[in-house]
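Engineer:
2 protein chains.
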Amino acid sequence: MLFKKVLLAAFVSLAVCSLQAQRTTLSSPDKNLQLAFWLNDKGTAMYELSYKGKAVILPSSLGFDLKKTYDDSPLPTLKEGLTVTSATQTSNDTKWKPVWGDVKEIRDNYSQLSVSLSQKGDKAIQFNVIFKLFNDGLGFRFEFPEQKNIQHFIIKEEATQFHLAGDHKAFWIPGDFDSNEFNPNTSKLSEVNSEDPKFAANIYAHTFFDKNATQTPLMMKSNDGLYINIHEAALVNYPAMNLLVDKSTNTLTSVLVPDALGNRAYLQTPAKTPWRTIIVSDKATDILASHTILNLNDPSVIKDPSWIKPTKYVGVWWEMHIGKSTWDYAGSMNATSFDAAGLKPTGKHGATTANVKRYIDFAAKHGFDGVLVEGWNTGWEDWFGQFKENVFDFVTPYPDFDVKELQRYAASKKVKIIMHHETSASVSNYERQMDTAYRFMKKFGYDAVKTGYVGHIIPRGEHHDGQWMVNHYVRVAKKTADYKIMLDAHEPVRPTGLSRTYPNWLACEAARGMEFNAWSDGNRPEHDVILPFTRFMGGPMDYTPGIFQLDLSYWDKNKKETIHTTLAKQLALYVTICSPLQMAADLPESYEKKLDAFQFIKDVAVDWDDSKYLEAEPGDYITVARKAKGKENWFLGAITDENARTATADLGFLEPGKKYTATIYADADDASYDKNAAAYKISKQVVDSKTVLSLKLAPGGGCAVSLVPIK
Amino acid sequence: MLFKKVLLAAFVSLAVCSLQAQRTTLSSPDKNLQLAFWLNDKGTAMYELSYKGKAVILPSSLGFDLKKTYDDSPLPTLKEGLTVTSATQTSNDTKWKPVWGDVKEIRDNYSQLSVSLSQKGDKAIQFNVIFKLFNDGLGFRFEFPEQKNIQHFIIKEEATQFHLAGDHKAFWIPGDFDSNEFNPNTSKLSEVNSEDPKFAANIYAHTFFDKNATQTPLMMKSNDGLYINIHEAALVNYPAMNLLVDKSTNTLTSVLVPDALGNRAYLQTPAKTPWRTIIVSDKATDILASHTILNLNDPSVIKDPSWIKPTKYVGVWWEMHIGKSTWDYAGSMNATSFDAAGLKPTGKHGATTANVKRYIDFAAKHGFDGVLVEGWNTGWEDWFGQFKENVFDFVTPYPDFDVKELQRYAASKKVKIIMHHETSASVSNYERQMDTAYRFMKKFGYDAVKTGYVGHIIPRGEHHDGQWMVNHYVRVAKKTADYKIMLDAHEPVRPTGLSRTYPNWLACEAARGMEFNAWSDGNRPEHDVILPFTRFMGGPMDYTPGIFQLDLSYWDKNKKETIHTTLAKQLALYVTICSPLQMAADLPESYEKKLDAFQFIKDVAVDWDDSKYLEAEPGDYITVARKAKGKENWFLGAITDENARTATADLGFLEPGKKYTATIYADADDASYDKNAAAYKISKQVVDSKTVLSLKLAPGGGCAVSLVPIK
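Heads up: the sequence lines are chains E and W, in that order.
In terms of the numbering used here, the first sequence is numbered consecutively and its last residue is 712.
In terms of the numbering used here, the second sequence is numbered consecutively and its last residue is 712.
#1: At the level of alpha carbons, what is the spacing between THR278 (chain E) and LEU50 (chain E)?
#2: Taking the beta strand (DSSP E) that GLN127 (chain W) belongs to, which residues open and close that run?
#3: Could you name the residues of the same chain whose beta carbon sits closer than 6 Å to that of LYS560 (chain E), not counting the 5 residues immediately before and after it, in chain order?
#4: Check TYR314 (chain E) in the structure and name its three-state DSSP category.
#5: State the Cα-Cα distance for the pair PHE183 (chain E) and PHE132 (chain W), rounded to the nearest angstrom.
#6: What are the partner residues of GLU233 (chain E), as DSSP defines its beta bridges?
#7: Which residues bound the beta strand (DSSP E) around MET221 (chain W)?
#8: Whose C-alpha, out of W:ALA663, W:VAL246, W:VAL428 and W:TYR239, is nearest the C-alpha of GLY467 (chain W)?
#9: Flag this pair as touching only if the stretch 286-294 of chain W and the stretch 308-319 of chain W have three or more C-beta atom pairs under 8 Å; answer yes or no.
#10: On a Cα-Cα basis, can you pick out the residue from E:ALA37, E:ASN129 and E:THR70 that is closest to GLN387 (chain W)?
#11: So, is ASN224 (chain E) buried or exposed, given that buried needs 16 or more other C-beta atoms within 10 angstroms?
#12: Are the C-beta atoms of GLU463 (chain W) and some chain E residue less than 9 Å apart?
#13: In the DSSP output, which residue or residues are listed as bridge partners for GLN35 (chain W)?
#14: Output yes or no for whether 9 Å exceeds the beta carbon distance between VAL455 (chain E) and ALA426 (chain E).
#15: Apart from the five residues on each side of it in sequence, which residues of its chain come closer than 6 Å, Cβ to Cβ, to VAL258 (chain E)?
#16: Please list, in chain order, all residues of the same chain as PHE4 (chain W) whose beta carbon is under 6 Å from its beta carbon, the five residues on each side excluded.
#17: Would you grab the beta carbon distance between ALA648 (chain W) and TRP635 (chain W) for me? Rounded to a whole angstrom, and I think it's under 8 Å.
#18: Which residues bound the alpha helix (DSSP H) around ASN296 (chain E)?
#19: Shorter than 9 Å from the beta carbon of TYR267 (chain E) to some beta carbon of chain W?
#20: If you count every other CB in all the chains shown that lies within 10 Å of the CB of PRO175 (chain W), and 16 or more means buried, which is it?
#21: Pick out the complete beta strand (DSSP E) segments inside the stretch 370-428 of chain W, 3 residues or longer, and give them in chain order.
#22: How about LYS581 (chain W): is its C-beta nearer than 9 Å to some C-beta of chain E?
#23: Could you please give the first and the last residue of the uninterrupted alpha helix (DSSP H) stretch that includes PHE517 (chain E)?
#24: Measuring alpha carbon to alpha carbon, tell me which of W:ILE309, W:SER307 and W:THR379 ends up nearest TYR330 (chain W).
#25: Have a look at ASN472 (chain W) and VAL237 (chain W) and give me their C-alpha separation to the nearest angstrom.
#26: Does the stretch 193-204 of chain W come close enough to the stretch 224-234 of chain W to have 3 or more Cβ pairs within less than 8 Å?
#27: With a floor of 4 residues, list each alpha helix (DSSP H) that falls wholly inside the stretch 421-470 of chain E, ordered by position along the chain.
#28: Counting only Cβ pairs nearer than 9 Å, list the residues of chain W close to LYS389 (chain E).
#29: Assuming THR327 (chain E) contacts LEU407 (chain E) (C-beta within less than 8 Å), just tell me the rounded distance between them.
#30: Can you tell me where the alpha helix (DSSP H) holding ARG359 (chain E) begins and where it ends?
#31: Tell me GLN162 (chain W)'s beta-bridge partners as DSSP assigns them.
#32: Any idea if ASN203 (chain E) is buried or exposed, counting beta-carbon neighbours within 10 angstroms, 16 or more meaning buried?
#33: Scan the stretch 506-581 of chain W and note each continuous alpha helix (DSSP H) run of 4 residues or more that stays entirely inside, going in chain order.
#34: Name the chain E residues that come within less than 9 Å of ALA261 (chain W), Cβ to Cβ?
#35: Please report how far the alpha carbon of TRP469 (chain W) lies from the alpha carbon of TYR267 (chain W), in whole angstroms.
#36: Contact criterion: CB-CB distance below 9 Å. Does GLU432 (chain W) meet it with respect to chain E?
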C-alpha cells in the first residue's frame, strides 16, 4: 500500500503532445540516465536512452501488429499513425525485503513516465508505454487498457527496437524457441551467427529461427566502456523475447516465441507485456549488483513464507551423469511401458533404497538439508526423444525404491528428500497429474520438487519459451505454493525475476549447467564468468557446482571428459553464483577423500544479508563477497576464465575494528583447469576491514574464502 | 475368453505368397461377400470386395508413409515394394450382450484373413492387414507389431483407397478437421463440393482442407441397388478419417486429421489402426440393423455396469436456445472474468434454483430420470470464440444456483441433476480440472455429465477430430467410468462404436442436432432420414427431440425459425433414433398443453431387447419397431422426408396369438412440416402379429405407435 501512496502523491499530469514531435524526457533519480520519448513524422513511437551523456540506445521504434482473435483478421498496425493522448511522470523511492536473495533489503527507486498512445478515428486502439528509469537502467512495458475497440486480441508481432550505438562486444547464446542450453559465446554483435558450429552446440530439442538472433539476457560492452544488459522482467502470460540483430545498423528487434499457429500471444484487455530491461553502467560490478529486474516484478503473493527454506543439498544425480548408475531400472529403451514383472533389472539402477540411504547418511553427517533423488519413478526405460505423451506418472516408484521406508529413514536423520518430476516435456501429461503428484509428495514428506522439461513440448507445436509454456511454469509455481512445495525448474524459460513474486520458486536451470561437463565437449573456462552477466540476471540457477573428481576417467577409463575448472574454482562458485538452492553435486566418496576442501561447501551460506561485487569483467573474472543471512560470517569467491590472474579483494566491507579468521581455499601453484586441476591449498590468516587480499587464480581457477569473526 | 478360444481353434495357416501376384480370397460366412487381397506388380497391397457378385470396391491400394519420430526423417514408403510373409484365415461365431442398445444380444460372426507384409532388406518394416468379413460388411485394420526396425514412428499419411464401382448417390457432409455439424447432403459423389454454400452451412469452428472431401460415415447407394456405408470402428489413439473423392475414378482416399505440426499420428509398436468399415447390402434396412461396427470394438472394460442407466431427461436448455433465458448471469461478453460482486445480473439467467426446481418437479411428475442444467457455473459472460484458455472451472456456481439445496431437492423428488461441463474447447484447461470437477459432482450427487467442446481447440493447432483429441475423449470416458459417471459428449469426434468398450459413454452429439433449428436455417426435413445411415452408424446421439412448440415465434415474435418436422415426427424420432440417452427437449409449459401427445414420450423406452427395421431408404423414410428392454411393450416410429408417404408396418414381429393395444400418434390430415406442423391425432386399435398397419405420414411428418399387450 505504501507503494501506491507514493505513486499517487507524485502523480503529475503533463500538458504535452498536441505537438507530435515534442519530446518527453525523463531522468533517473541520480540523473545519470536520460530517456526521451517522442512520435516521429509517421506517428511511430520512438525512444532513446543515454548514460552520463553516452548513447546507450539511439532513436528506436516501438510498436505492434495485432490480430482479432475471433477471426484472425489483422487490426490496424500500431507501428505508426499514433497520437499521444497523455504523458505523466511519477517517481518512487521505497524499500522491500526479499524472502531470500543476495541482500536483505532492496531499494526500489525510479522515475516513471507513462505515455498513453492512440490510433486515430472511431476504431482507434489505445495502448500505453510505461517507462521506469532506475539509476542502473530502464524498464519499459506496454499496457492495453480496457477499451471498447479491442478486448480479445492476438500479438502477431512485437516490434520493439534497441538501436545500439555501436557494434558492441556481446556475450550471447543463439536465439531459439526451445533451448537455453547453448555455450555462451563472446563476439562482436556483427559476428552473431548460430549457423557457425563454434557458436552453437548441438542440442536435441531446440528450434533456431534466424542465424542472426540471440536470446536475452544479452550482455554487451561498448568500445567507450559501457556495460549494457538487455533482458526482460516479469514474463507472465506472454512469450519470451529473442533479439534479431540487424548487423548493418547495430539494431536489435524483438522476436517473440510463437505458438503452434505462429501467433505470439493471446491477450485480453486489460493486458500488459513483460518489462523490457536495459541495465547499464560504466562499472561491470553494477550490472551484477542490479536489482532492477526484481524491482520490476510484483511483490510476493505468499503471505507466510516461513516454510520456504534456502537449501543446500546432495543427490543421486551426478553418478548417473558419469555412468556409474542409471536412471532406469531395466535398461534404457528396453520397454514400451514399464512392467516390473516383465523386465529384468540391470543392477545399475541408481535410486535404490540402499543407495538413497547412503546419501541421506552423508547429508545428515555433513549438515545438508536435502537429498535429490532422480530415477525413482517408473518410465525411464523409454522416455527420451520420441514425442511420447504418456511416460511418467509421478507416483509409481521402481520396485527397488521404498517410498515409505525412505520417508521414515530421512525423517529419522532430519534430512528432506527432494522429489524429481521429469516431465519429458510432455506437459499435457504433467498438467493432468500435478495435483495427484503433489498430494503424493506431501503424503510422503517431500517439500521440494525439481521439475524437468527435456524434449519437444507436448502440446505439440508449442515451445519451451512460448506463452503457453510460460503460463505453465507460473501455474506450477502457484500450485506448488498452494501445497507449500519449493520449486526448482529445469529446462524452463529463462527466468525474469518471478522468484520475487513466487519465492517458493527457488531456482531454475534454463542454461547450460554442470551436467554438460559429464558427456559433451563441456563448459568453457569462461562459462562461469559469463553466466552471472547473462542467465543469472533473471534469477538463481540450480547450477550444481562442487565437482571434486574433475577427471571423469576416474569413474570409467573410457570417459575422456574433464571439468574445465580447478577444484578451488568449484568452491568459489558457491559464492559467485547467487542461489538459495545449491547442490554439492559430486559423489560422497569424492568429498570423503578431501574433507578439508569440502569444509567450505559445508560452511558456505545459501542466503545472504549483503553482497559486495568487488571486481568483475564479463567473460574474464568476478570477485564477490557475501555476508551470510543473519550471521556475521562472510564468504568470498573469486574466479577467472582460462587466464591466470590475481584477484584483489579489499575487505573494507568487514565490520571495522573486528578481526576475522580468513580460511583461503586456493589453487595450488601448479594447478590449471587443464592440468592438475584438483590441486588446491588451504591457508588461514587473520584479517580485518583494512586488509586487501591478493588471491592468485590459476588458469580456469578460483579462490574461495570464508571469513569468520574471532570472538 | 470364449472369443479367444474360438479364434485359436479356427486358426489355419495358409501356404501362400511365394508368388506375389497370387490372390488370397475370403468369403463372408453366408458367402455373399467376397474379398480378395494381393500384391500388384509394384508390390503394392491391393484388395477388392464384391457383394452377390456385384463390385463394391474395385481393386484398391493400401499403404502408408511413415516418419521417424526422433528426427522427423522419412522412412521407406509402405505403398510399394512389399512382400507377403504369411496369410492366415480364421473365423468366429460368438454372441455377446451389450450393456444397452437396440438388441439384447449381438452375434459376432465373421471370416478373418490376416496378412503379414514386409519390405525387403535389412531395414524392412513389417505390418499386418487384418480383414474381418461379416455377412453385412468388411472391417480391416493395420497392425504394426513389435519389431527391431521401428519402435516409435509417425504416420505421415495413410493412403487407404476405396475404389467405388460407380458415381454413387451419396449422403455426405464436408470433410473437415473440426466440425461434424454440417447439414447432411444428398448428391452424386462427383458433385461433392464443400465450397458450394448449399452443401456447407457456416460453422464457427471448422477447418476445411479440400472441397472434394467428405467425412464418414459416408452412406452411398449404387445404380444397381447396393447400399454401401464407409466408416471406421474403434477409433483410439489415431485421428479420424476423412475421404478425398477422386471424381474421375470414383476413388475415395483416406485423409487423416493432422495435428499442429501436420503429422497424423504418433505411434509406438505394437500399434494398430482403427478398423476401416464397409457395410454393404442390397437392403437399406440391413445397414440400419448392422452391428459390425460394434463387433469390431473391444468388449466393455467396465466389469460391473449396474450403475449405468439408460436415461430419459428434461433440462434447462431449450429455453436458452429460443431466447427465453440465458446461460450467462450478467450478460454475454460483459466480463473478462466473473466477479459476482462486480457484475449486475440481467434477470434472464436460466439456471436459477427456482427454475431448476420447476424442471425437477416436472421430471418427477412425469417420470423422467434426469434434469440437465446448463449455465449453472460461472464463465458464460465471456466464453465463446476467443481462443481463451481459462474460462470455466466446473466447480463455481452462479450465485443464484444453490448446489446444496438443489441436491437436497432433487434427491427428495428422486430425480438426478445432469452436470454440464462446457469446456469452450479449452481442453488443456479441462484436463487440469477433470478430477476436481468429477469429485465435485460425486459430492453433490451428480452421476452423469454432458461435456461440450464449442470453439477452436486449445492446445492450439489441435483439431476436434485429431489423435490428441481422440485420446482426450477416451480419457474422459475412462475417467468418468472411474468415478461411475455416465457421459454424453457434445462436439466430440464422430463415434465409432466405442460405447461397447465404455458403456458409460451413453451418447455423443458429433452431428447437427436439434439446436440448429432454434437459430440457424435449421435442419432439413430429410435430416432425420439421413442421420441413421450416417452419424448413427457409429453410435447413439443425444439428438434432443420432442419439440412440441414448433413455431418459435411463439416465444419471441421476432424469431422466424420453425422446426422442419411435424409434431408426430418429433414423437417418432424417439424410436427411429436409437439412444440410451433421450431428452424431452421442449419446455414443461409446451408439454403441459399437449399431455396426450406427451404421453408417448413418457411411455417410450430408451433401451431395447429387440429392433425391427421394417422399411428404410436413406434420405426418404425409415420405419422401425423396437421392443422395450425387459418388457413386452413395443414402440414403432415411422418418419419421412419432405414428401408425404404411407408407411407400411407389418407387425409380424409381435408375439403370435397375443393382442396388443396400439396407440397411434399420427399427423393430422392437414399437417405438414411447413404448415400446421403441430397438428396430430391419436387413435387406438387392437392389433396382433397378423396386422399390417398403414400409417399416413405428412410431408416432413411421422407416426409413433406404442404397442401394449392386452392382459
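C-beta: ideal position from N, C-alpha, C; glycine also.
Structural biologist: Considering the structure as presented:
#1: 12 Å
#2: 127-135
#3: LEU553 and SER554
#4: strand
#5: 51 Å
#6: E:ARG277
#7: 219-222
#8: W:TYR239
#9: no
#10: E:THR70
#11: exposed
#12: yes
#13: W:SER28 and W:SER51
#14: yes
#15: PHE178, PRO240, ALA241, HIS464, ASP466 and GLY467
#16: For PHE4 (chain W), the pLDDT reaches just 39, beneath the cut-off of 50, and the residue's location in the model is therefore unreliable, although a value from the coordinates is still provided. Here the set comprises THR95.
#17: Wrong, their Cβ atoms sit about 15 Å apart, outside the cutoff.
#18: 293-296
#19: yes
#20: buried
#21: 371-374 and 417-423
#22: Checking the sequence shown, residue 581 (chain W) turns out to be Pro, not Lys. So, not an interface residue.
#23: 517-520
#24: W:THR379
#25: 6 Å
#26: no
#27: 428-444
#28: THR70, HIS153, TYR267 and GLN269
#29: The pair is not a contact, with the Cβ atoms about 19 Å apart (cut-off 8 Å).
#30: 354-367
#31: W:THR254
#32: exposed
#33: 517-520, 528-531 and 568-577
#34: ASP260, ALA261, LEU262, PRO460, ARG461, GLY462 and GLU463
#35: 9 Å
#36: yes
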